[in-house]
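Protein chains: 2
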Amino acid sequence: MKNLRPELIELLKKGYCTPRLSRLAAKTGSKATTIHYNIKQMEEDGVVKTYKAVFDHSKIKEGFCTFVLINLDRREYKTPEEVGKMLAKYQQVESVDIITGGWELIVKVRTKDIEEYYEFSKKALLIRGIDRTQTLSSLLEIKSEFVG
Amino acid sequence: MKNLRPELIELLKKGYCTPRLSRLAAKTGSKATTIHYNIKQMEEDGVVKTYKAVFDHSKIKEGFCTFVLINLDRREYKTPEEVGKMLAKYQQVESVDIITGGWELIVKVRTKDIEEYYEFSKKALLIRGIDRTQTLSSLLEIKSEFVG
DNA sequence: TTCATGATTTGAATTATATTCAAAAATTTA
DNA sequence: TAAATTTTTGAATATAATTCAAATCATGAA
């Protein structure tokens, strides 16, 4: 008998959820078929990317969260987009943005602990194309993914 | 006939979704009742905070995204947690973290455009307790909320 | 090892919900 | 105003979630 949680968490982190039409209908005072029609429309329009679960990261081996500010090495001729897409592939990476200001990229990373973060940073951050990084560690998460 | 989208978006941004047990069962090779049992458990354990929709922000009047680094005014005797909780109340705020490094807080903000961001910053950032801020604007979102 | 206890999985039955579809209502366009 | 389009609705159907009791599996004490 295997522990199903790790697999369920990975699947639910990105999808495998669906809107509760009848609850939305009750809440908004519309009929479920009307909600259905409107939501299908939003999906067709690409307004909705996915339906997913939001976890308490401290309870799923993602207790350590950092924001990494990245400066690119201009001699390597890699665009911020190229480097960003490479970083986005890691499952530990929650978000990647190309930004204005003193850095080219900001990356939000979640790992179990500092050790796992160190391993991640060696793999992902010590690469050609990345010149300098500044890591800001989260001491307390007050709100995340719009969930307070 | 009113436009239902704004209301649906606000509700789906934080909840009103549910896992698809039968799909998870098919994917993992377990029975739906087993998935049900395991997920109920995760919910009871507080591992899952909510089930929600992830939107294409450029399509729902949240096209402008910034990361705001915040230094607190030490003379005001407000803790980072107090200031963070005040900021978390705004619906434009996606996340708030207390961090290490040269700043006390990092806040991720989503608004329709620069104008709305300016209005937000006047309300939310020009308050007693906040000394200095540095705003990093997102030029391109490569990954967000674990969704690539 | 065996037994007893608790945890997890399963199948069958039930309940709740999503989906489909055709018709009606509302809105927009010409 | 009429016609065309979009949105809402109700009824019927199809899917899926939930409940519950029984079976299986895992754990640890004797």
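Quick note, the sequences are listed as chains U and B, same order.
Residue numbering for the first sequence is 1 to 148, as defined by my numbering.
Residue numbering for the second sequence is 1001 to 1148, as defined by my numbering.
All C-beta atoms, glycine included, are put in the ideal place defined by N, C-alpha and C.
Along the beta strand (DSSP E) that carries residue i, what are the first and last residues, could you check?
i	result
Ile1098 of chain B	1093-1099
Lys108 of chain U	105-111
Asn71 of chain U	64-72
With DSSP as the reference, identify every bridge partner of residue i, one or two as the case may be.
i	result
Lys1059 of chain B	Answer is none; Lys1059 of chain B lacks a bridge partner.
Lys1052 of chain B	U:Lys52
Thr28 of chain U	DSSP output for Thr28 of chain U lists no bridge partner at all.
Val1147 of chain B	B:Ser1144
Shortest alpha-carbon distance to residue i belongs to which of the options?
i	options	result
Gly63 of chain U	U:Ala124, U:Val109, U:Leu105	U:Val109
Asn1038 of chain B	U:Gly148, U:Met1, U:Glu81	U:Met1
Tyr117 of chain U	U:Thr135, U:Val83, U:Arg128	U:Thr135
Ile106 of chain U	B:Val1147, B:Leu1011, B:Tyr1051, B:Thr1066	B:Thr1066
Lys1112 of chain B	B:Lys1061, B:Ala1026, B:Gly1084	B:Lys1061
May I ask which residues mark the beginning and end of the alpha helix (DSSP H) holding residue i?
i	result
Glu141 of chain U	Taken as a continuous stretch (DSSP letters only), Glu141 of chain U belongs to no alpha helix (DSSP H), being part of the beta strand (DSSP E) at 130-143.
Thr34 of chain U	32-44
Glu1081 of chain B	1080-1088
Lys2 of chain U	Lys2 of chain U -> no alpha helix (DSSP H), and no H or E assigned at all.
Glu1119 of chain B	1114-1124
How would you label residue i, buried or exposed, when you count the other beta carbons within 10 angstroms and need 16 or more for buried?
i	result
Arg74 of chain U	exposed
Arg132 of chain U	exposed
Ser1144 of chain B	buried
Ile114 of chain U	exposed
Pro1006 of chain B	exposed
Less than 8 angstroms between the CB atoms is what I'm expecting for residue i and residue j, so what's the real figure, rounded?
i	j	result
Phe55 of chain U	Gln92 of chain U	Between Gln92 of chain U and Phe55 of chain U the Cβ distance is about 14 angstroms, and since that is not below 8 angstroms, they are no contact.
Leu1139 of chain B	Ile98 of chain U	5 angstroms
Ile142 of chain U	Ala1088 of chain B	5 angstroms
Val147 of chain U	Lys1049 of chain B	6 angstroms
Lys52 of chain U	Lys14 of chain U	6 angstroms
Lys1078 of chain B	Gly1029 of chain B	Not quite, the Cβ-Cβ distance comes to about 52 angstroms (not below 8 angstroms), so this is no contact.
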